[in-house]
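I have placed the structure first, in the form of structure tokens, so that the comments after it can refer back to it.
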Amino acid sequence: MTDAPANSTDSLTVRDNRTGQEYDIPITDGTINAKDLGQIRTSDDLPGLATYDPGFVNTASCRSAVTYIDGDKGILEYRGYPIEQLAESSNFLEVAYLLINGSLPSRAEYDAWVHEITYHTFVHENVKSFMEGFRYDAHPMGMLMASVGALSTFYPDARNISDADNRHMQMVRMIAKMPTLGAWSFRHAQGKPFIYPDNDLGYTANFLSMLFKMSEQKFEADPRLVKALDVLFILHADHEQNCSTNAVRSVGSSQVDPYSAVAAGVGALYGPLHGGANEAVLRMLRRIGKKENIPSFIEGVKAGNEKLMGFGHRVYKNFDPRATIIKKACDDVFEVTGVNPLLEIAKELEKIALEDEYFIKRKLYPNVDFYSGLIYEAFQFPPEMFTVMFAIGRTPGWLAQWSELIQDKDQKIARPKQIYTGDRELTFTPAAQRWR
Ligand SMILES: CC(C)(COP(=O)(O)OP(=O)(O)OC[C@H]1O[C@@H](n2cnc3c(N)ncnc32)[C@H](O)[C@@H]1OP(=O)(O)O)[C@@H](O)C(=O)NCCC(=O)NCCS
Numbered sequence: 003m004t005d006a007p008a009n010s011t012d013s014l015t016v017r018d019n020r021t022g023q024e025y026d027i028p029i030t031d032g033t034i035n036a037k038d039l040g041q042i043r044t045s046d047d048l049p050g051l052a053t054y055d056p057g058f059v060n061t062a063s064c065r066s067a068v069t070y071i072d073g074d075k076g077i078l079e080y081r082g083y084p085i086e087q088l089a090e091s092s093n094f095l096e097v098a099y100l101l102i103n104g105s106l107p108s109r110a111e112y113d114a115w116v117h118e119i120t121y122h123t124f125v126h127e128n129v130k131s132f133m134e135g136f137r138y139d140a141h142p143m144g145m146l147m148a149s150v151g152a153l154s155t156f157y158p159d160a161r162n163i164s165d166a167d168n169r170h171m172q173m174v175r176m177i178a179k180m181p182t183l184g185a186w187s188f189r190h191a192q193g194k195p196f197i198y199p200d201n202d203l204g205y206t207a208n209f210l211s212m213l214f215k216m217s218e219q220k221f222e223a224d225p226r227l228v229k230a231l232d233v234l235f236i237l238h239a240d241h242e243q244n245c246s247t248n249a250v251r252s253v254g255s256s257q258v259d260p261y262s263a264v265a266a267g268v269g270a271l272y273g274p275l276h277g278g279a280n281e282a283v284l285r286m287l288r289r290i291g292k293k294e295n296i297p298s299f300i301e302g303v304k305a306g307n308e309k310l311m312g313f314g315h316r317v318y319k320n321f322d323p324r325a326t327i328i329k330k331a332c333d334d335v336f337e338v339t340g341v342n343p344l345l346e347i348a349k350e351l352e353k354i355a356l357e358d359e360y361f362i363k364r365k366l367y368p369n370v371d372f373y374s375g376l377i378y379e380a381f382q383f384p385p386e387m388f389t390v391m392f393a394i395g396r397t398p399g400w401l402a403q404w405s406e407l408i409q410d411k412d413q414k415i416a417r418p419k420q421i422y423t424g425d426r427e428l429t430f431t432p433a434a435q436r437w438r
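Here the sequence shown stands for residues 3 to 438, numbered as in my numbering.
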């Protein structure tokens, strides 16, 4: 039994009905330390009490000062700054600096940061050769995951993670090279030549150039498209301990180099439950086809036949602040590209759902993915590219969280417990005897 904490009101008293013993467990920041449960045991020979929490539904895995979310109030802040203000008045590279360094840059810091990122956008020519080796129909996320992981072999010094300057260098490289790798994954599927970075262009404009440039001397995208894509990157830049960030932290906790850790994050994001929802929204809108079909579709959702994709969120229960911003970005993009006919269906679907008792009762609102797919489609990206866009935006967040992890004295190698449910102490019979 532990001593009662200094302020014993900030504690939890647990009575173990198996033994009748009571324990006082300190509560700090609204959590108990799972290790404190270990003292609750029925005998010295048996393991102490543990928690069972698949999916970390109610378990804090770290202390973090990067991103704050209040799901009930629809609040998302990076390092304390509201997402709405960052999307409106900042840009992606400044937000990346903020996430990684913890505060906004001075003019000189910003210029140096942009310069560093710009001049690290090129990749070693051998990266090009192995990217060319993928099958013609390789999924761009598979290519991105493999090529980010492969960067660790080009920068073996990256494993020196205890050196702050070294960490900085690798983070710069990764943010800089992600668009190059992402764009080349896209070009490969199209059978088009890879386009080298253009250091005269800003981060997002350069990405668009590497995606779409053909024979012209210089590719300069419409500034409204550049701005809209930059906003999308900002919206995706971090989202505290989501599945891919947890993957980065978990793999990073082994003290592997950051390229390998981020490759794990790309792998996690690849999954349909994480980065793939916007693609599902598009498929759903296409299937609905016209406004007249919406009521019967909604009835099907309410009957439990399927989900209204792009609605609902594990954390946001009133609105997803990113959805509001993205809806505005949609209008800006369509002003340039012409309206995607699916937008009309999306807007009508949203209107009907938001007035429907089923969705109101369950606090189901549009999430970030409801409109992002429409924007990406307006850019003429095939659906497989949507998650690549997400990955480029999320890279500074992954790195900020990785850097925090490396410097956090509380962190240990990730190694969850299990509840063993298998056989014990069987006697092995060699195959030659078993198959006789
Ligand atoms: C995001 C999501 C996985 C969150 O799930 P969750 O927090 O575990 O919520 P639950 O699955 O417990 O849902 C609670 C209730 O709302 C319903 N619900 C949740 N999302 C729904 C949706 N998109 N359409 C219809 N019903 C939905 C559930 O069926 C459940 O109803 P019930 O209480 O009658 O059983 C879920 O809302 C979803 O699948 N949305 C669609 C996919 C999507 O847009 N994902 C992107 C997230 S950014």
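Cβ coordinates follow ideal geometry from the N, Cα and C atoms, glycine included.
Pair within 7 Å by beta-carbon distance, residue i and residue j
| i | j | result |
| --- | --- | --- |
| Val390 | Leu146 | yes |
| Gly314 | Leu366 | yes |
| Ala2 | Lys353 | The question about residue 2 has no answer here: the residues shown for the chain are numbered 3 through 438. |
| Ser444 | Asp200 | Past the edges of the chain, shown from 3 to 438, lies residue 444, and the structure says nothing about it. |
| Asp232 | Phe94 | yes |
| Asn1 | Gly144 | As displayed, the chain neither begins before 3 nor continues past 438, which places residue 1 out of reach and without an answer. |
| Leu271 | Ala140 | no |
| Lys304 | Tyr360 | yes |
| Val97 | Arg226 | no |
| Gly267 | Ala249 | yes |
| Val370 | Asp322 | yes |
| Ile34 | Leu14 | yes |
| Ala440 | Val174 | Any question about residue 440 goes unanswered here, given that the chain covers just 3 to 438. |
| Val264 | Trp400 | yes |
| Ala380 | Val335 | yes |
| Ser262 | Gly151 | yes |
| Glu386 | Pro158 | no |
| Ile29 | Asp55 | no |
Coil, strand or helix - residue i by DSSP
| i | result |
| --- | --- |
| Leu78 | strand |
| Val335 | helix |
| Val68 | coil |
| Met3 | Low confidence applies here, because Met3 scores a pLDDT of 48, under 50, leaving its location unreliable and the question unanswered by this model. |
| Ile27 | strand |
| Asp38 | helix |
| Asp18 | strand |
| Thr33 | strand |
| Ser2 | Residue numbering for the chain in the displayed model covers 3 to 438; residue 2 lies beyond these limits and cannot be assessed. |
| Pro432 | coil |
| Tyr112 | helix |
| Tyr318 | coil |
| Phe313 | strand |
| Tyr205 | helix |
| Tyr99 | helix |
| Ala8 | Reliability fails at Ala8, whose pLDDT of 49 lies under 50, so the model's placement of it is uncertain and no value is given. |
| Ser13 | strand |
| Pro84 | strand |
| Lys179 | helix |
| Leu153 | helix |
| Met216 | coil |
| Glu308 | coil |
| Arg189 | helix |
| Val59 | coil |
Rounded distance between the beta-carbons of residue j and residue i, thought under 8 Å
| i | j | result |
| --- | --- | --- |
| Lys324 | Ile85 | Inspection of the sequence shows that residue 324 is occupied by Arg rather than by Lys. Going by Cβ atoms, the distance from Arg324 to Ile85 rounds to 7 Å, so yes, they are a contact pair. |
| Ile230 | Ala331 | Here the sequence assigns Ala to residue 230, which means Ile is not the residue at that position. Sure, about 5 Å apart at Cβ, within 8 Å. |
| Gln398 | Ile177 | Per the sequence presented here, residue 398 reads as Pro, with Gln not at that position. The Cβ separation is near 6 Å, so the contact holds. |
| Ile1 | Leu376 | Residue 1 falls outside the range modelled here, since the chain spans only 3 to 438, and no answer is possible. |
| Arg189 | Pro195 | 7 Å |
| Ile347 | Arg169 | About 46 Å; that fails the 8 Å criterion. |
| Gln172 | Pro260 | 5 Å |
Per-residue burial, residue i [other beta carbons within 10 Å of its own, 16 or more giving buried]
| i | result |
| --- | --- |
| Asp38 | buried |
| Glu406 | buried |
| Asp425 | exposed |
| Lys293 | exposed |
| His241 | buried |
| Ala6 | Any answer about Ala6 is weak, because its pLDDT of 47 lies below 50 and its placement is not dependable; what the coordinates show is given next. Classification for Ala6: exposed. |
| Val59 | exposed |
| Phe124 | exposed |
| Met216 | exposed |
| Trp437 | exposed |
| Ser91 | exposed |
| Gly302 | exposed |
| Ala166 | exposed |
| Gln382 | exposed |
| Gln435 | exposed |
| Gly82 | exposed |
(Q) Quick check on the DSSP output: what are the complete alpha helix (DSSP H) runs of length 4 or more inside the segment 222 to 283, in order along the chain? (A) 225 to 238, 245 to 254, 260 to 272
Q. Of all the beta strand (DSSP E) runs that stay within the bounds of the segment 336 to 418, which reach a length of 3 or more residues?
A. none
(Q) Which complete beta strand (DSSP E) runs does the segment 118 to 176 hold, if anything under 3 residues is left out? (A) none
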